[in-house]
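Notes follow once the structure below has been shown.
Number of protein chains: 2
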Amino acid sequence: MRSPQFHRNEENRPSPRIPSPHFNSTVSVQKLRSFNTLILIFRFASFCFSLASTVFMVTNSRGGSDSPNWQDFDAFIFVFAANAIVAVYSFFEMLASVWEILKGTTVLPEIMQVWFDFGHDQVFAYLLLSADAAGTALVMTLRGTDTCTHVTAFCVQSGISIALGFAGFMFLGLSSLLSGFRLACFVFNGSRFLL
Amino acid sequence: MRSPQFHRNEENRPSPRIPSPHFNSTVSVQKLRSFNTLILIFRFASFCFSLASTVFMVTNSRGGSDSPNWQDFDAFIFVFAANAIVAVYSFFEMLASVWEILKGTTVLPEIMQVWFDFGHDQVFAYLLLSADAAGTALVMTLRGTDTCTHVTAFCVQSGISIALGFAGFMFLGLSSLLSGFRLACFVFNGSRFLL
Numbered sequence: 001m002r003s004p005q006f007h008r009n010e011e012n013r014p015s016p017r018i019p020s021p022h023f024n025s026t027v028s029v030q031k032l033r034s035f036n037t038l039i040l041i042f043r044f045a046s047f048c049f050s051l052a053s054t055v056f057m058v059t060n061s062r063g064g065s066d067s068p069n070w071q072d073f074d075a076f077i078f079v080f081a082a083n084a085i086v087a088v089y090s091f092f093e094m095l096a097s098v099w100e101i102l103k104g105t106t107v108l109p110e111i112m113q114v115w116f117d118f119g120h121d122q123v124f125a126y127l128l129l130s131a132d133a134a135g136t137a138l139v140m141t142l143r144g145t146d147t148c149t150h151v152t153a154f155c156v157q158s159g160i161s162i163a164l165g166f167a168g169f170m171f172l173g174l175s176s177l178l179s180g181f182r183l184a185c186f187v188f189n190g191s192r193f194l195l
Numbered sequence: 001m002r003s004p005q006f007h008r009n010e011e012n013r014p015s016p017r018i019p020s021p022h023f024n025s026t027v028s029v030q031k032l033r034s035f036n037t038l039i040l041i042f043r044f045a046s047f048c049f050s051l052a053s054t055v056f057m058v059t060n061s062r063g064g065s066d067s068p069n070w071q072d073f074d075a076f077i078f079v080f081a082a083n084a085i086v087a088v089y090s091f092f093e094m095l096a097s098v099w100e101i102l103k104g105t106t107v108l109p110e111i112m113q114v115w116f117d118f119g120h121d122q123v124f125a126y127l128l129l130s131a132d133a134a135g136t137a138l139v140m141t142l143r144g145t146d147t148c149t150h151v152t153a154f155c156v157q158s159g160i161s162i163a164l165g166f167a168g169f170m171f172l173g174l175s176s177l178l179s180g181f182r183l184a185c186f187v188f189n190g191s192r193f194l195l
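Protein sequences appear in the order of chains A and B.
Position 28, counted from 1, in the first sequence is what full-length UniProt numbering calls 28; the numbers after and before it change by one each time, with no gaps.
Position 187, counted from 1, in the second sequence is what full-length UniProt numbering calls 187; the numbers after and before it change by one each time, with no gaps.
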């Protein structure tokens with residue numbers, strides 16, 4: 001006959017074969033929180049660089065009627081617009097990430113949120129890259145002309161704005177990879193919670 | 001007591017709960033083949049457009065010493081190089097797709113193949129888009145100058161080359177989405193075979 005002591009021990013011993021659902025869930029929640037924190041960092045970096053790029057481009061006029069103005073060049077308007085869009089988007093995505101980290105749920109329904117994030121990350125990353133590439137081509141063309149010879153600061157400031165835009169693109173691209181992974185988790189596991 | 005007839009019927013009746021592994025595998029193979037055929041179509045389109053873009057750019061010089069030449073512009077050299085790289089890459093990826101459709105196995109080991117495809121699709125899509133955006137900015141700048149006023153054909157041909165490059169990018173982007181899905185299948189299911 002088994003002693004009561006032995007029986008109690010056996011009952012209290014956790015089974016290694018059947019992990020507790022609560023334990024699993026806690027690990028998933030912690031993993032997801034770390035993952036969301038990483039996305040938040042990338043989105044914050046993307047926001048900062050895009051905002052800085054927008055500000056550098058907007059303030060890029062020298063005041064005189066003969067001086068060049070960024071609004072005279074289509075490619076610079078494109079750089080400004082793309083960076084402004086990405087800055088606004090990154091700001092709202094940051095808020096959504098903070099909400100998710102604090103509340104544990106997505107702002108939109110889960111399926112909409114994961115598709116929204118990935119789709120917009122992809123489109124805006126392509127948009128920002130094409131704007132910055134167009135801006136780079138324009139700056140390189142201007143470099144051999146009077147515009148850059150007479151008003152050097154205009155070209156330097158344009159170059160800085162574009163470089164900041166490229167940095168913003170880099171972090172947006174990283175966010176896009178992570179949101180793609182989250183979407184894949186959702187498609188294959190039916191939940192944005194990681195493996 | 002159960003009759004032998006009843007017993008036999010029960011044994012012969014196929015169970016709806018446990019599908020035959022062979023049936024599943026055949027469906028997966030067929031799905032994968034259709035999927036690979038779709039990728040092959042996109043890669044073929046991407047190859048055609050990039051090659052056409054490369055040819056249009058290379059032949060874009062008017063012969064005279066005063067006439068503009070595509071090699072005088074960095075952005076056009078970038079358009080040529082990016083399209084040439086994508087054309088070569090798409091050609092080899094087409095061969096790899098045909099191999100996979102015919103033989104049923106990947107050219108490289110499966111894990112390398114899915115990562116190689118997705119990584120290169122992403123990088124080359126970004127490369128091609130930035131080249132075409134830079135080319136567009138240059139063409140728009142040139143449009144107001146003597147280069148386009150005197151030699152209209154040069155600017156028109158550059159524009160066509162860039163437009164073809166954008167079409168190539170579109171199909172490369174679609175391939176990238178599909179190869180991303182295949183990679184996700186591999187990461188989550190341990191096999192490139194679809195769900």
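Built from N, CA and C at the ideal position, the CB exists for glycine as well.
Where R62 of chain A falls, given that 16 or more other Cβ within 10 Å makes a residue buried: Working through the first sequence from its first residue, we reach residue 62 of chain A at position 62. R62 of chain A comes out exposed.
Taking 7 Å as the threshold (beta carbon to beta carbon), is M130 of chain B in contact with chain A? Counting from 1 along the second sequence, the entry for residue 130 of chain B is found at position 130. Correcting the residue identity first, residue 130 of chain B is Ser in this sequence and not Met. Closer than 7 Å to some Cβ of chain A, the Cβ of S130 of chain B qualifies, so yes.
Can you tell me which of the three DSSP states S97 of chain A falls into? What you label residue 97 of chain A is simply residue 97 of the first sequence in a count that begins at 1. Here S97 of chain A sits in helix by DSSP.
Please list, in chain order, the chain B residues whose beta carbon lies closer than 7 Å to that of F116 of chain A. If you number the first sequence from 1, residue 116 of chain A lands on position 116. Within 7 Å Cβ-Cβ: nothing; F116 of chain A doesn't reach chain B, min ~16 Å.
For S61 of chain A, does the three-state DSSP call read helix, strand or coil? Against the first sequence, residue 61 of chain A aligns to sequence position 61. Residue state, collapsed to three classes: strand.
Quick check on D121 of chain B - is its C-beta less than 7 Å from some C-beta in chain A? For this step, residue 121 of chain B is matched to residue 121 along the second sequence. Chain A, which has no Cβ nearer than 7 Å to the Cβ of D121 of chain B, makes this no.
Check whether the Cβ of T141 of chain B lies closer than 7 Å to any Cβ atom in chain A. As a position in the second sequence, residue 141 of chain B is number 141, starting the count at 1. Judged by the 7 Å Cβ criterion, T141 of chain B is in contact with chain A.
Taking any Cβ of chain A, which residues in the region 172 to 190 of chain B have a Cβ under 9 Å from it, in chain order? G173, L177, G180, F181, L183, A184, C185, V187, F188, N189
Residues in its own chain within less than 8 Å of T59 of chain A by CB, not counting five upstream and five downstream? Translated into the one-based positions of the first sequence, residue 59 of chain A becomes position 59. Same-chain partners within the cutoff: Q157.
Taking just the CA atoms, how far does I41 of chain B sit from N189 of chain A? To locate residue 189 of chain A, count along the first sequence from 1; it is residue 189. To locate residue 41 of chain B, count along the second sequence from 1; it is residue 41. The straight-line gap from Cα to Cα measures roughly 29 Å.
Should the region 71 to 84 of chain A be regarded as contacting the region 130 to 147 of chain A, the criterion being three or more beta carbon pairs within less than 8 Å? yes
Would you mind telling me which residues of chain A sit closer than 7 Å to T136 of chain B, beta carbon to beta carbon, in chain order? As a working note, residue 136 of chain B is residue 136 in the second sequence. Near T136 of chain B (Cβ distances below 7 Å), the residues of chain A are A134.
Would you mind working out which of A:L177, A:G168, A:G173 sits nearest N83 of chain A, comparing C-alpha positions? For this step, residue 83 of chain A is matched to residue 83 along the first sequence. Selected option, being the one with the closest Cα: A:G168.
Are the C-beta of D146 of chain A and some C-beta of chain B separated by less than 7 Å? Here residue 146 of chain A refers to the residue found at position 146 when the first sequence is read from its first residue. No, its Cβ sits nowhere closer than 7 Å to a Cβ of chain B.
Excluding five sequence neighbours on each side, which residues of the same chain lie with their C-beta closer than 6 Å to the C-beta of D117 of chain A? Position 117 of the first sequence holds residue 117 of chain A. Here the set comprises S179.
Of the listed residues B:V114, B:K103, B:E100, B:G165, nearest to L127 of chain B (C-alpha basis): Here the question's residue 127 of chain B lines up with position 127 in the second sequence. When only C-alpha atoms are compared, the closest one is B:G165.
Counting C-beta neighbours from all protein chains within 10 Å, is the total for C185 of chain B 16 or more, i.e. buried, or is it exposed? On the second sequence, position 185 is the one that residue 185 of chain B refers to. Classification for C185 of chain B: buried.
Going by DSSP, which residues form a beta bridge with N189 of chain B? Walking along the second sequence from the start, residue 189 of chain B turns up at place 189. DSSP output for N189 of chain B lists no bridge partner at all.
Round the Cβ separation of S176 of chain B and D132 of chain B to the nearest angstrom and send it over; I've been treating them as touching at under 8 Å. To locate residue 176 of chain B, count along the second sequence from 1; it is residue 176. To locate residue 132 of chain B, count along the second sequence from 1; it is residue 132. Actually they are not in contact, since the Cβ atoms of S176 of chain B and D132 of chain B sit about 16 Å apart, beyond 8 Å.
Nearest-angstrom Cα distance between V187 of chain A and S53 of chain A? The residue labelled residue 187 of chain A in the question sits at position 187 within the first sequence. The residue labelled residue 53 of chain A in the question sits at position 53 within the first sequence. Rounded to the nearest angstrom, the two C-alpha atoms are 35 Å apart.
Label F92 of chain B either buried or exposed according to how many other C-beta atoms from any shown protein chain fall within 10 Å of its C-beta, with 16 as the threshold for buried. Residue mapping note: residue 92 of chain B aligns to position 92 of the second sequence, counting from 1. It is exposed - the Cβ of F92 of chain B has fewer than 16 other Cβ atoms within 10 Å.
For a contact meaning CB atoms closer than 8 Å, what does A75 of chain B contact in chain A? Residue numbering aside, residue 75 of chain B sits at position 75 when the second sequence is read from its first letter. Per Cβ cutoff of 8 Å: A137, M140, T141.
Below 7 Å on C-beta distance, what does Y126 of chain A contact in chain B? Against the first sequence, residue 126 of chain A aligns to sequence position 126. Here the neighbours are L129.
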